[in-house]
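See below for the structure under consideration.
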Amino acid sequence: MIRVLVVDDDFMVARIHRGFVERVEGFEVVGTARTGGEALQLVEELDPDLVLLDLYLPDTFGLDLVTRLRAAGATCDVLVITAAKEADSVRRAVREGVVGYVLKPFAFPDLEQRLQSYAADRVRA
Numbered sequence: 047m048i049r050v051l052v053v054d055d056d057f058m059v060a061r062i063h064r065g066f067v068e069r070v071e072g073f074e075v076v077g078t079a080r081t082g083g084e085a086l087q088l089v090e091e092l093d094p095d096l097v098l099l100d101l102y103l104p105d106t107f108g109l110d111l112v113t114r115l116r117a118a119g120a121t122c123d124v125l126v127i128t129a130a131k132e133a134d135s136v137r138r139a140v141r142e143g144v145v146g147y148v149l150k151p152f153a154f155p156d157l158e159q160r161l162q163s164y165a166a167d168r169v170r171a
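Positions 47 to 171 (our numbering) are the ones given, in order, by the sequence shown.
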């Protein structure tokens, strides 16, 4: 089972993403966070395999959170889910080593396909 932490400041969006993830076989949501600080704490406590991360959080920019996670030794993968489509954000996400970048809004099949690809890549690795 792939353990997922959902990070989004919008409670309703986080709920929708949680529901989407839980519909994909082989994935389970182990927690949700609404801030970068909460996410750091939950990554340490829950040790998720994958973090679904919105870039715009009230206390930090999502890619700064990725940098902090790596500095703290976190080994989880990060899939960015955001409305941010600026080229600089996409380039930085790639540099930070995120495993994917999904633009909002999206439908369940879009996230399902991305999660299935992620799971297949983990098996090959």
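Ideal Cβ positions, reconstructed from N, Cα and C, are used throughout, including at glycine.
Note that the structure is predicted; figures quoted are calculated from it, not measured.
For secondary structure counted as the alpha helix (DSSP H) over 4 or more consecutive residues, the stretch 56-115 holds these complete runs in sequence order: 57-68, 82-92. A straight line joining the alpha-carbon of Thr128 with that of Lys150 spans about 5 Å. Gly77 places its beta carbon 7 Å or farther from that of Leu98. Beta-bridge analysis with DSSP links Asp123 to Leu96. Contact annotation: Val148 and Val124 have beta-carbon atoms that are not nearer than 7 Å. Straight-line spacing of the CA atoms in Ala79 and Leu101 works out to 13 Å.
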